[in-house]
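Undergrad: Residue numbers (our numbering): 1 to 133.
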């Protein structure tokens, strides 16, 4: 099974986090709309106190191209809106290298940093008992 949880707080720049131009927001909405229409992924932009947030959830039996599309969408938005920040937590129990751990994609200052999780991983026995092995 594959499990992806992602969120991104969208800010156009990190110098003035309260301002988002209509042009930038339209570009972000287009990226999100494209991903949704191609795959039907549960992702949406919500506003809290006037600030846009992107939330994404995907659970599937096997890794599909939609996972890579979501990660790429977050990277693109982070590059367009360089003040954005967020995270994707990914667990793929069929990944030959990382089947027992969460992978993390951190988004900040227009960049994406990949690393392995140290809090939930190794999944067995950290969050699941040994009996699941």
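Note that CB positions come from ideal geometry on N, CA and C, so glycine has one too.
Treat the numbers as computed from the prediction; the structure is a model and nothing was measured.
At the level of alpha carbons, what is the spacing between residue 73 and residue 54?
TA: Whole-angstrom Cα-Cα distance: 11 Å.
Undergrad: Going by other Cβ atoms of all chains shown within 10 Å of its Cβ, with 16 needed for buried, is residue 8 buried or exposed?
TA: Buried, because 16 or more other Cβ atoms sit within 10 Å of the Cβ of residue 8.
Undergrad: Tell whether a beta-carbon distance below 8 Å holds between residue 123 and residue 101.
TA: Their beta carbons are under 8 Å apart, which means residue 123 touches residue 101 by this criterion.
Undergrad: DSSP state of residue 135, grouped into three classes?
TA: Look at the range of the chain in this structure, 1 to 133, and you will see that residue 135 is not part of it.
Undergrad: Contact defined as beta carbons within less than 8 Å: I believe residue 43 pairs with residue 32. What is the distance between those atoms, to the nearest angstrom?
TA: That pair is a contact at about 6 Å.
Undergrad: Once the 5 residues before and after residue 109 are set aside, which same chain residues still bring their CB inside 7 Å of it?
TA: The answer, listed in chain order, is 14 and 82.
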